[in-house]
Every structure is written in C-alpha cells, then in structure tokens.
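**Q** First the structure, then my questions, so here it is.
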Amino acid sequence: MDARQMKIKAAEAALSYVEDGMRLGIGTGSTAEEFVRLLAEKVSSGLRVQGVPTSERTARLCVELGVPLKSLDELPELDLTIDGADEVDHGLRLIKGGGGALLREKIVAAASSRVIVIADQTKVVDTLGAFPLPIEINIFGKVATCIAIEKLASKLGLSGDLKLRSLEDGPFKTDGGHLIFDASFGRIPDAEALARELNTIPGVVEHGLFINLASLAIIAGPDGARIMQ
Ligand code: 5RP
Numbered sequence: 169m170d171a172r173q174m175k176i177k178a179a180e181a182a183l184s185y186v187e188d189g190m191r192l193g194i195g196t197g198s199t200a201e202e203f204v205r206l207l208a209e210k211v212s213s214g215l216r217v218q219g220v221p222t223s224e225r226t227a228r229l230c231v232e233l234g235v236p237l238k239s240l241d242e243l244p245e246l247d248l249t250i251d252g253a254d255e256v257d258h259g260l261r262l263i264k265g266g267g268g269a270l271l272r273e274k275i276v277a278a279a280s281s282r283v284i285v286i287a288d289q290t291k292v293v294d295t296l297g298a299f300p301l302p303i304e305i306n307i308f309g310k311v312a313t314c315i316a317i318e319k320l321a322s323k324l325g326l327s328g329d330l331k332l333r334s335l336e337d338g339p340f341k342t343d344g345g346h347l348i349f350d351a352s353f354g355r356i357p358d359a360e361a362l363a364r365e366l367n368t369i370p371g372v373v374e375h376g377l378f379i380n381l382a383s384l385a386i387i388a389g390p391d392g393a394r395i396m397q
C-alpha cells in the first residue's frame, strides 16, 4: 500500500463518523483532501452536511466537488472536524501547519465538539519535533518576533533554525496574510510549556502545536486503519 492509499484508508474510516445533518469542520492537506473526495461522493448520494473549510484551498476543492459550505460565522459551533496532521504523539498532541493553514485549523478545531485526526502511520511519533514546528507570525516586526522566539526556546532548552517559509516569488503568506517560521527545534519534550510560552509573544499569531484538541486519531498502515485515543 503506498502513501496515498494509506491516506485514503484513514479518510474512509473517518467517513463512518459523519452523520446526516452534521456541521463539519473540513481540514487542509493531502489527507484531508482524500476525505473531501469521499465526502463529496456521499453528498452526491444524498448525505446532508454543512462544511466549514479550514483554508481557501479546501474551500475550492469542496466547491468543485459539490460539498455544501458555510462560513464559521454562519456555523460557529461544529459537531465534528476531520483534519490531517504533520505529527501525532501518543497523547494525541499534534504538530500541524505543514500546509500553512494552522490558524484557521485551530480556530475550527476549537469550535468543534470532536476532532478526528486522519494520518498515515509515518506521522506517529514518540515525541513531537522531528517535523519543523510552523509558527504563524504577523508581518510587522518579524525580526523582533524571531528573536523573541529564539530567546524563549533557549529558556526551555531548545534551539534550532527558524526559517521563514518561502515560495519562488517571495515569502509564503497564509490565508490570513501572515508569515510562517518553520522552527527546527528537534525533540520537544514539553510541548505544553512551549505552546504556552509561544502564546505570550505578541507577534506570534498562532503556532502548530495542537494540544487537547484531538479527540481521536485514525492511523492507517499497510494492514488497514487503527484508532488512537
Ligand atoms: C495543513 C496541515 C495538514 O493537516 C498537515 O500538513 C498534513 O498534511 P498532509 O495530509 O498533506 O500530510 O496541518 O496546515
């Protein structure tokens, strides 16, 4: 089974949690997109859901495939969100934001009664941090924000490069118009402490540590999908 087939397996398993009439948060990334494709098939055969997309990219795919959408302001309380992750540990702590949608993903997750993470088994780790941590920052004062992040990381015994995410034609901008630093801290033994500290820096808009947000994870491997909770 290749990586794409594993993502499809996880997405298929997630679909069984979707009930008629649900208000659904819809994640971003290649795994979430497999879920959107499967969801669209169910919608075309009569399933009624209202989706709130976590990015413009997801919104475009939903529109293209006929998944009905609302804004989070129209549906501020959601029954379930299905989203991917860059890393999942055994306490269901996540690193997210590889696709640059972490702010909207976190807002949507926080507005959901349940969050189900879908991923292939390569995303499961004992300790978060091999995947560089995305940190969304305001454009204003980015150098000062970078220094502040480095100082707090060092206070927590962490160090590593903070790389401004770039495209060929300039810096990557999020749907909210912000920038992203990808922080290669390596192993993050105390993700809660780092999350708390990052939230104290004014220039940090949001970070990709998702703690106490995921209700369960569906992890797909060559032998099928298993549940982590
Ligand atoms: C986007 C995300 C994605 O969920 C994460 O990057 C995983 O993506 P993929 O399913 O393509 O591996 O957090 O901001």
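Residues in the sequence shown are numbered from 169 upward in steps of one, following the working numbering.
Don't be surprised by glycine CBs; every beta carbon is placed ideally from N, CA and C.
1. Which residue marks the beginning of the alpha helix (DSSP H) containing residue 279, and which one marks its end?
2. Which value, in whole angstroms, describes the spacing of the CA atoms of residue 208 and residue 363?
3. Closer than 5 Å between the C-beta and any heavy atom of the ligand 5RP: which residues qualify, listed along the chain?
4. Between the C-alpha atoms of residue 274 and residue 213, what's the straight-line distance to the nearest angstrom?
5. What does a CB cutoff of less than 8 Å around residue 231 pick up in its chain, not counting 5 residues either side in sequence?
6. Exposed or buried, which one is residue 303 when buried takes at least 16 other CB atoms within 10 Å?
7. Under 9 Å, do residue 211 and residue 249 count as touching if we go by C-beta distance?
8. Tell me which same chain residues have a C-beta within less than 6 Å of the C-beta of residue 388, skipping the five on either side of it?
9. Considering only the alpha carbon of each residue, which of 171, 182 and 370 lies closest to residue 316?
10. What does a CB cutoff of less than 7 Å around residue 225 pick up in its chain, not counting 5 residues either side in sequence?
11. So residue 283 packs on residue 256, CB below 8 Å; how close in whole Å?
12. Determine the extent of the alpha helix (DSSP H) in which residue 301 is found, giving its start and end residues.
**A** The answer reads as follows:
1. It is not in any alpha helix (DSSP H) - residue 279 carries neither H nor E in the DSSP assignment.
2. 35 Å
3. 196, 197, 198, 199, 252, 254, 264, 265, 266, 267 and 269
4. 30 Å
5. 237
6. buried
7. no
8. 174, 177, 178 and 288
9. 370
10. 196
11. In fact, because the Cβ distance is near 12 Å, the residues do not count as touching under 8 Å.
12. Here residue 301 belongs to no alpha helix (DSSP H); instead the beta strand (DSSP E) covers 301 to 305.
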